[in-house]
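Trainee:
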Amino acid sequence: MEGFSNSSEEAQPGPYAGFWARFTASLIDWGICFFAPALISSFAFAAISGSEDPGRILASLLILIVLACPLGYFTYFGARGQSLGMKVLRIQIVGAKTGKTPGVARALVRSALALVLGASVFVLAVVGFSDAPAGYSAADLVGIYGAVAGFVGGILGHVWMLLDRRNQTLQDKVSGVVVLRR
289 MEGFSNSSEE AQPGPYAGFW ARFTASLIDW GICFFAPALI SSFAFAAISG SEDPGRILAS
349 LLILIVLACP LGYFTYFGAR GQSLGMKVLR IQIVGAKTGK TPGVARALVR SALALVLGAS
409 VFVLAVVGFS DAPAGYSAAD LVGIYGAVAG FVGGILGHVW MLLDRRNQTL QDKVSGVVVL
469 RR
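FYI, the numbering used here numbers position 67 of the sequence shown as 355, with every residue one higher than the one before it.
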């Protein structure tokens, strides 16, 4: 791949994608794969949440779909180097050491970490906009605190990008990729 050297342990690509290009691509991608199903499932969940009937199974299925959609989307497109949002912004994911498309394993790791941030935002939004019950159960609190931890970790991982010489987020570093302008 042009711009990469095999003489060092770590390939030297260029130029790295900046914050705003990555942010805009991310908005496009999350809009495509997460927020539409999440909104639909939120209304469905709210409609059946107070009932004692088998609707809870439907709610669980909807939540599973909402989580599987972004994981599949980001893994599929990440393994190929570009999501739809990245295509629009002309940026691409490559292996930090190879300069080649990351493949399924790296894309899955990166996608799972992205999903933690996306899911935590969703959980915090649902909790924030719902009427609090008489008291939260221990399981509810674990979920809420887990969402807060995921959100804070995700935000810090993205702030890291602003300080990193290669503009890598924490999920980029963990999965061994960089995002380049094309």
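No residue lacks a Cβ here, since even glycine has one placed at the ideal position from N, Cα and C.
In angstroms with no decimal places, state the Cα-to-Cα distance between TRP381 and TYR433.
Mentor: Residue numbering aside, residue 381 sits at position 93 when the sequence shown is read from its first letter. Residue numbering aside, residue 433 sits at position 145 when the sequence shown is read from its first letter. In the sequence as presented, Trp is not what sits at residue 381; that position holds Ile. Their backbone Cα atoms lie some 31 Å apart in a straight line.
Trainee: LEU350: buried (16+ other C-beta within 10 angstroms of its C-beta) or exposed?
Mentor: The residue you call residue 350 lines up with position 62 of the sequence shown. By the 10 Å Cβ count, LEU350 comes out buried.
Trainee: Measure the C-alpha to C-alpha separation of ALA326 and ILE353 and round it to an integer number of angstroms.
Mentor: The residue given as residue 326 occupies position 38 in the sequence shown. The residue given as residue 353 occupies position 65 in the sequence shown. Each residue's Cα considered, the two are about 9 Å apart.
Trainee: So for GLY369, helix, strand or coil by DSSP?
Mentor: Counted from its first residue, the sequence shown places residue 369 at position 81. Looking at GLY369 - three-state DSSP - the assignment turns out to be coil, as it is neither helix nor strand.
Trainee: Where does GLY438 fall in DSSP's three states?
Mentor: Here residue 438 refers to the residue found at position 150 when the sequence shown is read from its first residue. Looking at GLY438 - three-state DSSP - the assignment turns out to be helix.
Trainee: From GLU297 to THR386, what distance separates their C-alpha atoms?
Mentor: Stepping through the sequence shown from its first residue, residue 297 is reached at position 9. Stepping through the sequence shown from its first residue, residue 386 is reached at position 98. A caution first: GLU297 carries a pLDDT of 46, below 50, which makes its placement in the model too unreliable to give a value.
Trainee: Report all residues from its chain with a CB closer than 7 Å to the CB of PHE439; omit the five preceding and five following residues, and keep chain order.
Mentor: Along the sequence shown, read from residue 1 onward, the residue named residue 439 stands at position 151. LEU405, SER408, VAL409, LEU412.
Trainee: Quick check: what's the CA-CA separation for GLY391 versus ASP428?
Mentor: In the sequence shown, the residue the question calls residue 391 occupies position 103. In the sequence shown, the residue the question calls residue 428 occupies position 140. Taking the straight line joining both Cα atoms gives about 36 Å.
Trainee: Over the uninterrupted beta strand (DSSP E) stretch that includes ILE379, give me the two end residues.
Mentor: Sequence index remark: in the sequence shown, residue 379 carries index 91 (1-based). First-last of the beta strand (DSSP E) with ILE379: 379-383.
Trainee: Just grab the DSSP bridge partners of TYR304 for me.
Mentor: By 1-based counting over the sequence shown, the position of residue 304 is 16. Bridge partners of TYR304: LEU468.
Trainee: So ASP460 is in the alpha helix (DSSP H); what residue range does that whole segment cover?
Mentor: Locating residue 460 in the sequence shown gives position 172, where the first residue counts as 1. Its alpha helix (DSSP H) spans residues 458-463.
Trainee: Roughly how many angstroms separate the alpha carbons of PHE322 and SER399, rounded to a whole number?
Mentor: Here residue 322 corresponds to residue number 34 of the sequence shown, with the count starting at 1. Here residue 399 corresponds to residue number 111 of the sequence shown, with the count starting at 1. Going by the C-alpha atoms only, they are around 13 Å apart.
Trainee: Mapping DSSP to helix, strand and coil, what is PRO325?
Mentor: Taking the sequence shown and counting its residues from 1, one reaches residue 325 at position 37. Helix.
Trainee: Out of LEU403, LEU450, LYS461, point me to the one whose CA is closest to ALA435's CA.
Mentor: One-based indexing of the sequence shown puts residue 435 at position 147. Closest by alpha carbon: LEU403.
Trainee: So what does DSSP say about MET289, is it helix, strand or coil?
Mentor: As a working mapping, residue 289 is identified with position 1 in the sequence shown. Any answer about MET289 is weak, because its pLDDT of 42 lies below 50 and its placement is not dependable; what the coordinates show is given next. Coil, per DSSP.
Trainee: Out of curiosity, what's the CA-to-CA distance linking LEU458 and ILE443?
Mentor: Against the sequence shown, residue 458 aligns to sequence position 170. Against the sequence shown, residue 443 aligns to sequence position 155. Distance between the alpha carbons of LEU458 and ILE443 is about 10 Å.
Trainee: Can GLY373 and ALA313 be called in contact, C-beta distance under 8 Å?
Mentor: Counting from one through the sequence shown, the residue named residue 373 turns up at place 85. Counting from one through the sequence shown, the residue named residue 313 turns up at place 25. Result yes, Cβ atoms of GLY373 and ALA313 sit closer than 8 Å.
Trainee: Could you have a look at LYS375 and say whether DSSP puts it in helix, strand or coil?
Mentor: Counting from one through the sequence shown, the residue named residue 375 turns up at place 87. Note: LYS375 maps to helix in three-state DSSP.
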